[in-house]
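In the working numbering, the protein residues as written are 1 to 332. Encoded as structure tokens, the structure appears first; notes follow it.
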Amino acid sequence: AMLLLLLLLALPAGGAEPRAGVGREVVVPTSLGDLQVREFGPRGGRVAIGLHGAMRDWILHEWDGAAVALGEEGFNVFLPNLHALPSPPTVAPLFAALLDLARWAGGAGGAAETLPLLMGKSWGGGLAGEIAALPGRPVERLVLVAPKLSGKGPAIECEAALFWAEDDSSFGKVAAVRGRLKHEILFHTELTGGHRVLPAYTPIIVRFATASASVVAGQRTAALGASVAAAASAATSSASAAQEEEEEGAEAAAGAAGGDASEGAQGGLEWWWWILLAPAIIGPAVFMLLPVYRVIMRAVEARKRNTAAHGAHRDRDRDHAAPRPQILGAAE
1 AMLLLLLLLA
11 LPAGGAEPRA
21 GVGREVVVPT
31 SLGDLQVREF
41 GPRGGRVAIG
51 LHGAMRDWIL
61 HEWDGAAVAL
71 GEEGFNVFLP
81 NLHALPSPPT
91 VAPLFAALLD
101 LARWAGGAGG
111 AAETLPLLMG
121 KSWGGGLAGE
131 IAALPGRPVE
141 RLVLVAPKLS
151 GKGPAIECEA
161 ALFWAEDDSS
171 FGKVAAVRGR
181 LKHEILFHTE
191 LTGGHRVLPA
201 YTPIIVRFAT
211 ASASVVAGQR
221 TAALGASVAA
231 AASAATSSAS
241 AAQEEEEEGA
251 EAAAGAAGGD
261 ASEGAQGGLE
271 WWWWILLAPA
281 IIGPAVFMLL
291 PVYRVIMRAV
301 EARKRNTAAH
311 GAHRDRDRDH
321 AAPRPQILGA
331 AE
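Have a look at this one:
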């Protein structure tokens, strides 16, 4: 039961995650050592790099959807596995290694000094934000999803798009993070979705990444803002329509049960997750209650024995108290 529980904890909760194995696996020599990377899109295109969160396994694939979409737009996208490094990287050495990656890809004629597009989520978002805050504006455009980024620190001067789900436990840090984004092009939120890179973010990220240059003398043009806002509106409308269809289907299936399935469809764990989790919960509970059950059964058996013994004694006493028949002789 404990092994099953550990297996289930390794699974993503709620919603299907991108499948593993997407992209071309390559190993790139960098100043931090050999970096395991998954590559998307055409080699030689504008370089985009996505940094994952702090957890392992499936979390490494949470940028897959955006990477595929950006690759289709001509970006050469790289998703490095930072957990494969000997130790967690710090900001400056990681930036140097990412520049090595961009030079290796030939995204800037082999002499990259800036990163065209840097994306990061949670822990990776914090690293991406701090890299973008380094002197010299080393990042052209920045995409952050629920970043673990301190509100204290130098301003982030590059164009930035920030994404967050309102039911994320870290949503309270929004104001502090936005305070450091001096050229925030877009702040997009979803009502639900938790601490994940949601599929609804993908078309907005692509529009943000592919829009024409917008920073002129430190100001952003209305063109990029309108373009990204249109993508955000379309993605939000699409997500809302899909959510409404999902809710209607769940309510119809629930019927007289009162529509509880609708709530399960919007948040929480999927039904199959509960089925798999049930043995892991019930098993330990039964194991813990087994001694209590044994004590109760012993008490019941003892009660039965006492009752049987008492009945035997009562029958014996009745036999002794009954008058014995007298045998008379044939003649007196």
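Cβ coordinates follow ideal geometry from the N, Cα and C atoms, glycine included.
Close Cβ partners of residue i (< 7 Å) along its chain, the five nearest in sequence each way excluded
{"i": "E73", "result": "V206, T210"}
{"i": "A108", "result": "Here the model assigns A108 a pLDDT of 46, short of 50, so the residue's position is not dependable and the matter cannot be decided."}
{"i": "S67", "result": "Checking the sequence shown, residue 67 turns out to be Ala, not Ser. Closer than 7 Å at Cβ, skipping near neighbours: G23, F40, G50, V77, L79."}
{"i": "C158", "result": "A132, R137, V139, E140, R141, L142, H183"}
{"i": "P154", "result": "A133"}
{"i": "V295", "result": "none"}
Beta-ladder partner(s) of residue i, from DSSP
{"i": "V335", "result": "Nothing about residue 335 can be reported from this structure: the residues present for the chain run from 1 to 332 only."}
{"i": "P80", "result": "V37"}
{"i": "I49", "result": "F78, L118"}
{"i": "E159", "result": "R141, H183"}
{"i": "H188", "result": "F163"}
{"i": "T30", "result": "G33"}
Cβ shell of residue i (< 8 Å), same chain only, five flanking positions each side left out
{"i": "G33", "result": "L85, P86"}
{"i": "S386", "result": "Past the edges of the chain, shown from 1 to 332, lies residue 386, and the structure says nothing about it."}
{"i": "G179", "result": "G151"}
{"i": "V27", "result": "D34, L35, Q36, V37"}
{"i": "P199", "result": "G65"}
{"i": "D167", "result": "L191, T192, G193, G194, G267"}
{"i": "S169", "result": "H195"}
{"i": "P89", "result": "L32, L82, A97, L127"}
{"i": "V177", "result": "G129, L144, P147, L149, G151, L162"}
{"i": "R46", "result": "G74, F75, N76, G107, P116, L117"}
Helix, strand or coil at residue i according to DSSP, with G and I counted as helix
{"i": "W104", "result": "helix"}
{"i": "R207", "result": "helix"}
{"i": "G340", "result": "The requested residue 340 does not occur in the structure, where the chain is confined to residues 1 to 332."}
{"i": "P22", "result": "Residue identity differs from the one stated: residue 22 is Val in this sequence, not Pro. Correct three-state label for V22: coil."}
{"i": "P147", "result": "coil"}
{"i": "A299", "result": "helix"}
{"i": "R178", "result": "helix"}
{"i": "D64", "result": "helix"}
{"i": "E73", "result": "coil"}
{"i": "V197", "result": "coil"}
{"i": "P284", "result": "helix"}
{"i": "P93", "result": "helix"}
{"i": "G44", "result": "coil"}
{"i": "L85", "result": "coil"}
{"i": "L134", "result": "coil"}
{"i": "A54", "result": "coil"}
CB-CB length for residue i against residue j, believed under 8 Å
{"i": "G120", "j": "G129", "result": "7 Å"}
{"i": "G23", "j": "E39", "result": "6 Å"}
{"i": "L79", "j": "G41", "result": "With a Cβ gap of about 11 Å, L79 and G41 do not count as contacting."}
{"i": "I156", "j": "A175", "result": "Contact flag wrong, Cβ pair sits at about 15 Å."}
{"i": "A105", "j": "N76", "result": "5 Å"}
{"i": "L186", "j": "A161", "result": "4 Å"}
{"i": "P147", "j": "G172", "result": "13 Å between Cβ atoms; not a contact."}
Nonlocal neighbours in the same chain, by C-beta distance under 6 Å from residue i, ignoring five residues either side
{"i": "A48", "result": "L70, F75, V77, L117"}
{"i": "G44", "result": "G106"}
{"i": "T202", "result": "G65, A66, A69"}
For the structure I just gave you, are there three or more beta carbon pairs, one from the segment 111-129 and one from the segment 139-154, closer than 8 Å?
yes
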